[in-house]
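Residue numbers 1 to 640, in the UniProt record's numbering, belong to the letters of the sequence shown in order.
Don't be surprised by glycine CBs; every beta carbon is placed ideally from N, CA and C.
Every value quoted in this text rests on a predicted model; they were computed, and no experiment measured them.
Here is the structure we will look at, set down as structure tokens.
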Amino acid sequence: MLDHTPSKLIFIRACIFLLRYAPIIEVLLIFAVSFPLLYTPPALQHYSHFLRAALYPLLALYSVELLYLVFVYTPHKRRLLGQADHPLPRLTRSERSALFERVVGNVSDLEGYLRLWFLDGDPSEIKRENVREFLLWAFFERDVPPPVQGSTNTVSDSGAVTSCQKGDDGMATANGFSEGGGYYEVDRDEEEEIDAYITRTEELLGRKFPPGRGSAKSLRLTLDAVHTQYRSVIWYGIVGLIDLVTHAILSAARFAYHPPTPHSLASHPRAPSRAATTPMTVFPPRLQHILPFAGGRGRHNKSPSTEIGYWYRPHKSKTGRLPVVFIHGIGIGLWPYTRFLAELNSSPSEEEEEQIGILALEILPVSMRLTDPPLPRTEFLRHMTKILAQCGTEWDGFVLVSHSYGSVLTTHILKDQDLGPRVKRAVLIDPVSIMLHLPDVAYNFTRRPPRMANEWQLWYFASMDLGVAEGLGRHFFWRDNIIWREELLDLDPRSGEKRAIDDDNPDNNNNGITRRLQAQQQQMPSGSNRNERKRKVVVCLSGKDLITNTRAVARYLASDEEHESAKHTQNEDVEQMLADMPADQRSTCRHYLAPSGIEILWFPQLDHAHVFEERRAQDRVVDVIRRCSVKEEEEDVTPK
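The structure is reproduced here in structure tokens:
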């Protein structure tokens, strides 16, 4: 991320202007060059060949821009008009109630929480029906049905407005919608449940919500319209060039590239709505799949996945070290991580047989490419399992390292009953999936008006990118993506109390929601083992993070009991860690070991992703990962 200085602000605004209005600028340049050619004074005719030399490239560029706009940009833009397919099965009432209590129990400032979810709106305009609409999305993943022609409005005992219409049989029925998300049939029990949540919120606030509907609009990420900004084909040309450079750097660092398998060679059927990831289904096309240089066509093995390619270094440790799986965040693929991966790849030992294996995934839907949307959770886990199987039995246990959006995929892996136990250590850098119920990630990434240089960079090059906006607006479900403290630590998603609870609920297949929420409520059968072996977890947080409320995340991870992070009492050691420090101590790292065993590395002066730009900070993270790779490690992994 850029630091905020006047010069960098001017630079990033200029870049955005040029890329956003490139077609208009190209037309103006064509007219500016063409006019002297048509009406050239005799004294300037000897310059005409220079003008023609400039005109032809401009015409070619504008032609490419138009082709891109019609055949690439517009079809992808049209996809954003679709609706989100919310995950199934739905939560039961008891599960929603437990989740609601856990959410409000981990909010330190409920007024600020509501205000930001309502786009920093006027609190007096956040009325009862506004809150009802927000809760329907947050906990029911549904929308409020709008009034329709021939409908009648009824008012429930609680003051809720229900829109009904007469069916063919003359009976009044509520408006409905599909199970995938959207409008739903109004149910009296659900009305009462929502009213109970509103009443509980009022109790915690110490005030009543005004009746009716105010002008405040809530942020409902998967129901709201998806906003994007146009970017020129020139930008995608730059992305393609950086992609080639990244390929060359990682190849030079002794990584082997495994591109996705073409569908014609895949043994598993692909979803009908998805095209196999090939050079022509990704824009800009991935020329390294075609060009005959090292790592080009015919010079590498294929990934067993039709959707996910990866970079690979074999695991050759003879001393029992664990290999490393790395999942990147939103950005230009692995480009920001090339130095990090190369450093991790350079073993401190001179012995080749002691090298740590590295598997770095390429998640193209969040890599500023135009391609298929992100894989659903179950599909991603299936592809991930196939990739690990291809790597061999040495990868039955590994260290999982992720950055930013990669923590969402980390959440899916840790919650999975098959892959979760294989993750012996986890290192999360700038994670967004912890405390995801807070509005900061959704608001800062998709709704915050940019002011500073880093905010403009995030807004245009990430938030307003077609692929990223689609992934967040139609495929990002907070209930699926959030991870709680005990889920980070549980080495087996079905161990101890969770296994006992699961045994009592054999038919439940709701991604572990029932087991986690029942365990949180202490509804555990007698005899459950509370001393299950925990996973080693290190979380790296940046004090100046412009996306995540890292102080809230740090306090939550550092707390001992559930909901303690939301209390007003403060842990002096944690507050000392979070204290500000001089800006010249940019790479300073503070360390805190939480009672749960989670280790926190706190970089007070760094912004989101700065840990990969500051050499000393990156070295600390690399050292932590190397220490985590030691099997059966019992010592502290604090950087030395």
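C-alpha distance - Ser463 paired with Thr228, whole-angstrom precision: Numbered from its first residue, the sequence shown carries residue 463 at position 463. Numbered from its first residue, the sequence shown carries residue 228 at position 228. Taking the straight line joining both Cα atoms gives about 8 Å.
Same chain, Cβ closer than 7 Å to Ile234, neighbours up to 5 away in sequence not counted: Here residue 234 refers to the residue found at position 234 of the sequence shown. Excluding sequence neighbours, Ile234 sits near Leu19 and Ala22.
Same chain only: Cβ atoms within 6 Å of Pro439, ignoring 5 sequence neighbours per side: Here residue 439 corresponds to residue number 439 of the sequence shown, with the count starting at 1. Contacts found: Leu116 and Trp117.
Identity of the residue in Ala256, Asp573 and Phe398 nearest Arg321 by Cα: Residue mapping note: residue 321 aligns to position 321 of the sequence shown, counting from 1. Of Ala256, Asp573 and Phe398, the residue nearest in Cα terms is Phe398.
Boundaries (first-last residue) of the alpha helix (DSSP H) holding His49: Counted from its first residue, the sequence shown places residue 49 at position 49. Here the alpha helix (DSSP H) through His49 covers Ser48 to Tyr68.
Expected contact under 8 Å - CB spacing of Ile598 and Leu491 to nearest Å: Here the question's residue 598 lines up with position 598 in the sequence shown. Here the question's residue 491 lines up with position 491 in the sequence shown. Taking a contact as a CB-CB distance under 8 Å, the pair Ile598 and Leu491 does not count as one, their CB atoms being some 14 Å apart.
DSSP three-state assignment for Cys540, whether helix, strand or coil: Here residue 540 refers to the residue found at position 540 when the sequence shown is read from its first residue. Collapsing the DSSP output to three states places Cys540 in a strand.
Touching by the beta-carbon criterion (3+ pairs, under 8 Å), the region 135–143 and the region 192–202: Result yes; three or more Cβ-Cβ pairs closer than 8 Å.
Distance, Tyr47 Cα to Ala469 Cα: In the sequence shown, the residue the question calls residue 469 occupies position 469. In the sequence shown, the residue the question calls residue 47 occupies position 47. In a straight line, the C-alpha of Ala469 is about 46 Å away from that of Tyr47.
Residue from Thr385, Tyr312 and Glu379 with nearest C-alpha to Glu362: One-based indexing of the sequence shown puts residue 362 at position 362. Among Thr385, Tyr312 and Glu379, the Cα nearest to that of Glu362 is on Tyr312.
N-terminal and C-terminal residue of the beta strand (DSSP E) that Leu361 is part of: Counted from its first residue, the sequence shown places residue 361 at position 361. Going by DSSP, Leu361 is part of the beta strand (DSSP E) stretching over Ile358 to Glu362.
Nearest residue (CA-CA) to Val621, options Lys534, Glu203 and Ser402: To locate residue 621, count along the sequence shown from 1; it is residue 621. Val621 has its Cα closest to that of Ser402, out of Lys534, Glu203 and Ser402.
Of the residues Gly543, Arg422 and Pro365, the one placed nearest Ile429, counting alpha carbons only: Numbered from its first residue, the sequence shown carries residue 429 at position 429. Of the listed residues, the one whose Cα sits closest to Ile429 is Gly543.
Minimum C-alpha distance to Ser407 - residue among Leu541, Met452 and Asp465: Counted from its first residue, the sequence shown places residue 407 at position 407. Nearest of Leu541, Met452 and Asp465 to Ser407, Cα basis: Leu541.
Cys15 (DSSP reduced to helix, strand or coil): The residue given as residue 15 occupies position 15 in the sequence shown. Helix at Cys15.
Start and end residues, alpha helix (DSSP H) containing His475: Locating residue 475 in the sequence shown gives position 475, where the first residue counts as 1. Leu466 to His475 is the span of the alpha helix (DSSP H), which, as asked, contains His475.
Exposure of Val538, with buried meaning 16 or more beta-carbon neighbours within 10 Å: What you label residue 538 is simply residue 538 of the sequence shown in a count that begins at 1. With 16 or more other Cβ atoms from the protein chains shown falling within 10 Å of its own Cβ, Val538 counts as buried.
Of the residues Glu343, Lys386, Leu241 and Lys318, the one placed nearest Tyr310, counting alpha carbons only: For this step, residue 310 is matched to residue 310 along the sequence shown. A check of alpha carbon separations from Tyr310 across Glu343, Lys386, Leu241 and Lys318 identifies Lys386 as the nearest.
Outcome for Ser273 when other beta-carbon atoms lying within 10 angstroms are tallied against a minimum of 16: Counting from one through the sequence shown, the residue named residue 273 turns up at place 273. Because Ser273 carries a pLDDT of 47, less than 50, the predicted location of this residue cannot be relied on, and no value is offered for it.
Burial state of Leu81, where buried means 16 or more other Cβ atoms lie within 10 Å: Here residue 81 refers to the residue found at position 81 of the sequence shown. Using a 10 angstroms sphere on the CB of Leu81, the tally of other CB atoms stays under 16, which defines it as exposed.
Alpha-carbon spacing of Tyr68 relative to Leu606, whole angstroms: Along the sequence shown, one-based indexing puts residue 68 at 68. Along the sequence shown, one-based indexing puts residue 606 at 606. Going by the C-alpha atoms only, they are around 38 Å apart.
Host beta strand (DSSP E) of Glu193 (start-end): Position 193 of the sequence shown, counted from the start, is the residue given in the question as residue 193. It is not in any beta strand (DSSP E) - Glu193 instead sits in the alpha helix (DSSP H) that spans Arg188 to Leu205.
For Leu58 and Leu37, believed in contact at Cβ under 8 Å, the rounded distance: In the sequence shown, the residue the question calls residue 37 occupies position 37. In the sequence shown, the residue the question calls residue 58 occupies position 58. About 12 Å separates the beta carbons of Leu37 and Leu58, which is beyond the 8 Å limit, so they are not a contact pair.
Coil, strand or helix - Arg535 by DSSP: Taking the sequence shown and counting its residues from 1, the one referred to as residue 535 is at position 535. If DSSP states are grouped into helix, strand and coil, Arg535 belongs with coil.
Pro374 beta carbon less than 8 Å from that of Gly237: Reading the sequence shown from its first residue, position 237 is the one you call residue 237. Reading the sequence shown from its first residue, position 374 is the one you call residue 374. Contact: no.
Run of the alpha helix (DSSP H) containing Ala579, from where it starts to where it stops: Position 579 of the sequence shown, counting from 1, holds the residue named residue 579. Where Ala579 is concerned, there is no enclosing alpha helix (DSSP H), given that its DSSP letter is neither H nor E.
Leu91 versus Leu9, Phe100 and Ala84, residue with shortest Cα-Cα distance: The residue given as residue 91 occupies position 91 in the sequence shown. Each of Leu9, Phe100 and Ala84 was checked against the Cα of Leu91, and the nearest Cα belongs to Phe100.
Backbone secondary structure at Glu599 - three-state DSSP: Here residue 599 corresponds to residue number 599 of the sequence shown, with the count starting at 1. In the displayed model, Glu599 falls within a strand according to three-state DSSP.
Proximity below 8 Å, CB of Val33 to CB of Leu55: Translated into the one-based positions of the sequence shown, residue 33 becomes position 33. Translated into the one-based positions of the sequence shown, residue 55 becomes position 55. Cβ distance < 8 Å, so Val33 and Leu55 count as in contact.
Ordered list of alpha helix (DSSP H) runs contained in the region 360–426, each at least 4 residues: As far as the region 360–426 is concerned, its whole alpha helix (DSSP H) runs of at least 4 residues are 377–391 and 406–415.
Helix, strand or coil at Leu428 [DSSP, three-state]: Here residue 428 refers to the residue found at position 428 of the sequence shown. Leu428 falls in the strand class under three-state DSSP.
Beta-carbon spacing of Asp573, Pro595 below 8 Å: If you number the sequence shown from 1, residue 573 lands on position 573. If you number the sequence shown from 1, residue 595 lands on position 595. In this structure, Pro595 does not lie closer than 8 Å to Asp573 by Cβ.
Buried or exposed by the 16-neighbour rule on C-beta atoms within 10 Å, applied to Pro431: Taking the first residue of the sequence shown as position 1, residue 431 is located at position 431. Counting the other CB atoms within 10 Å of its CB gives Pro431 a total of 16 or more, which places it among the buried residues.
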